[in-house]
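As structure tokens, the structure follows; a few thoughts come after it.
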Amino acid sequence: MPCLAFVNSWFTAPPYIRSRCFARGSEVVFYYIYFFFDFKFNTMSNTMSDKNSVNFTRREFLGTVAAAAAFTIVPRSVLGGPGYTAPSDMVNLAGIGVGSQGGGDIQNIATPDVPIKRRPFGGGGMLMQPYAGIQPPRRERRASDNPVQMGDAEKQSFKHANIYALCDVDHDYSGHILAGYPKAKKYTDFREMIDKEKEIDAVLIGTPDHTHAVIAAYAMKAGKHVFVEKPMAKTIYETRFLRDLAKQTGVVTQMGNQGHNIEGTMQTVEWIQGGVIGDVREVHLWTNRPMWRQGYFDRPAGVDIPSNLNYDVWLGPAPDKPYNPEMLHFAWRGLWDYGTGAMGDMGAHTFDAPIWALNLGMPTKIQATSTPYNKDYLPQSECVTYEFPARGNMPPVKVTWSDGGIKPARPAELEPNRQLREALYIGDKGLIMHGTHGAEPQLIPERPGFVAPEKTLKRPSNIYVDFIEAIKEGRKAANDFEVSAKLTEIMLLTNIAVAAQRLDLTLEYDAENMRITNCPEANDYFHYEYRKGWSL
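First residue of the sequence shown: 430, per this note's numbering; consecutive thereafter.
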């Protein structure tokens, strides 16, 4: 029956559509129903004296309502003609922290209405003054040397969601993104934006690591779907809190680990699980980061807060310490109070594939060594070893992570004309290596005529489109908080091991109870006391 079809379609529709059906997109449809309701009720009241008329009117009335209900389940794209996207089919997205990575994420969701020029290289701290021969990241150097327009509406224009609002604590630093979306409402405080803008369906968080959790929790409690850049949070306690809150609220979540949805990562998983290199007992991961200040440095002295910066919101739950521009805008990654170092920046892009391919749970032992550091800055270089127990028919695995110029030994099997990539898997029947984000897995040595195993994994859209599609379809995103919480927790154990290395211990980890069993002092690093006025 058409009427039942309408009722069913209503209750099975994604919540974000139901919650807004009267506000946007379906006005004509519901006014259509209302018109016939009103017309037939008047007809009935005028013919109550005639039973046959009443019965006829009721039948006619129900038929009319059924017709109206059937009308409502016709796709709006049909009603609007070719190329028409109904407002009710468009997710309203708000960006929070859009001056750098978050701004790039936003542009992967929707082409700017006004072409955006890459901001000149720089933005605070050591990024403006590279030291000890360290050069800015290649992407940033290219942007500085050859600024080009991005998001030109005449070139590959797309709109996966409506950029409804943008929030950033520094409208000068994020001005290029704000200008690119002139219709978006602008804020500096995410709480004010979420409280006021009820039309927001989802948020995309690209702020410093230390504010990921408080913003994500605030949004989820307000019923908003959440995309948050990696790492999910700054502490393991926050990570588990967000994972559990996502389950409680039922919102769609996604962590910004771009490599999770790419072909190379899935090939690696299929090759390893297909037995291409046999049993894997050893994995080596590395990055050339950090490209910002880390090491034995004192925190910069405080200076006056500029009028364009909402420093209170930028600090969020972090300790109340003086402002200095050298600890903002990308440079925050190297400070214990705000960042998670090279692992927090790049770990997700290399650790994700081995966790997936080898079905890794939590490590039972972690040991770290590093260059000198102090209470303000993370070390310039570090090497961390994880020990994972056997899983089913898979043997125990030892995974090493190194950064700051430290690389694993070059395997003898690697041909001289090939470069060592950022991830290396050592199996008893061969080796596999790939780049960051799981890019381009390769066999070592090369195998002429190699036939890859059958593709067994579903290939989702990129993480941005997948997030929006998951909201519309009422399903989980590929890299939701359940998946990414495990990855984030493993990553964050690095900093706990580094902080505890002075005790010269291999930490023993009880993941079920979230505690280090042989070093009580290390348990202090699972969370910290928030600044007054901030909570999860």
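Glycine residues also receive a C-beta, built at the ideal position from the N, C-alpha and C atoms.
Ser586 is classed as exposed because its beta carbon has fewer than 16 other beta carbons within 10 Å across all chains shown.
For Arg820, same chain residues with a beta-carbon under 8 Å away, outside a window of 5 residues either side, are Leu787, Asn788, Leu789, Gly790 in chain order. Relative to the Cα of Gly685, the nearest Cα in the group Glu902, Phe896, Tyr647, Tyr938 belongs to Phe896. Shown here, Ser913 sits in a helix according to DSSP, grouped into three states.
In the displayed model, Val698 falls within a helix according to three-state DSSP. Between the stretch 808-815 and the stretch 790-799, the count of C-beta pairs closer than 8 Å reaches three or more; the two stretches touch. Contact between the stretch 882-894 and the stretch 673-682 is absent, with fewer than three C-beta pairs closer than 8 Å. By the criterion of a C-beta distance shorter than 6 Å, Thr829 is surrounded in its chain by His713, Thr814, once the five residues flanking it on both sides are discounted.
Relative to Tyr959, the option among Met622, Ala914, Tyr767, Thr946 whose CA is nearest is Tyr767. When secondary structure is reduced to three states using DSSP, Tyr740 falls in the helix class. Where Lys794 is concerned, the enclosing beta strand (DSSP E) starts and stops at 794-799.
In this structure, the alpha-carbon of Arg944 lies about 11 Å from that of Leu922.
Collapsing the DSSP output to three states places Trp761 in a helix. Taking 8 Å as the upper bound for CB-CB distance, Asp805 and Leu764 are in contact here, some 6 Å apart.
Secondary structure at Gln585: coil, using DSSP grouped into helix, strand and coil. DSSP, reduced to helix, strand and coil, places Lys676 within a helical segment of the structure shown.
Between the stretch 587-605 and the stretch 525-544, the count of C-beta pairs closer than 8 Å reaches three or more; the two stretches touch. Here the alpha carbons of Lys750 and Asp741 stand approximately 10 Å from one another.
Along the length of the stretch 888-945, whole beta strand (DSSP E) runs at least 3 residues long occupy 936-939, reported in chain order.
Proximity to Asp542 across Ala613, Phe879, Gly773, Gln530 peaks at Ala613, based on C-alpha coordinates. Looking at the DSSP output, Cys812 bridges to Thr798, Ser831. Across the structure, Glu692 and Ala906 are spaced so that their CA atoms are roughly 17 Å apart. Under the three-state reduction of DSSP, Ile629 is assigned to coil, being neither helix nor strand.
With a cutoff of 7 Å on beta-carbon distance, Pro660 and Gly773 are scored as near each other.
Inside the stretch 592-654, DSSP marks whole beta strand (DSSP E) runs of 3 or more residues at positions 614-616, 631-634, from first to last along the chain. Where Ile873 is concerned, the enclosing beta strand (DSSP E) starts and stops at 871-873. Around the Cβ of Phe955, a 10 Å sphere holds 16 or more other Cβ atoms; the residue is buried.
Non-local beta-carbon contacts of Pro825 in its own chain, meaning distances under 8 Å to residues more than five positions away in sequence, involve Arg710, Glu816, Phe817, Pro818, Ala819 in chain order.
Residue environment analysis places Arg722 among the buried positions, since at least 16 neighbouring C-beta atoms fall within 10 angstroms of its C-beta. Per DSSP, the beta bridge partners of Met862 are Leu853, Gln871. By the C-beta criterion, the stretch 858-869 is judged not to be in contact with the stretch 655-672, since fewer than 3 inter-stretch pairs fall below 8 Å.
Distances from the alpha-carbon of Thr668 to those of Gln687, Lys653, Thr640 put Thr640 closest. A residue is called buried once 16 or more other Cβ atoms fall within 10 Å of its Cβ, and Gly524 is buried on that count. Leu807 is the residue among Asp727, Leu807, Thr694, Ala645 whose C-alpha sits nearest the C-alpha of Pro719. Taking a 10 Å sphere around the C-beta of Gln848, we find fewer than 16 other C-beta atoms and assign the residue as exposed. Distance between Cys948 and Met920, taken at the CA atoms: about 19 Å.
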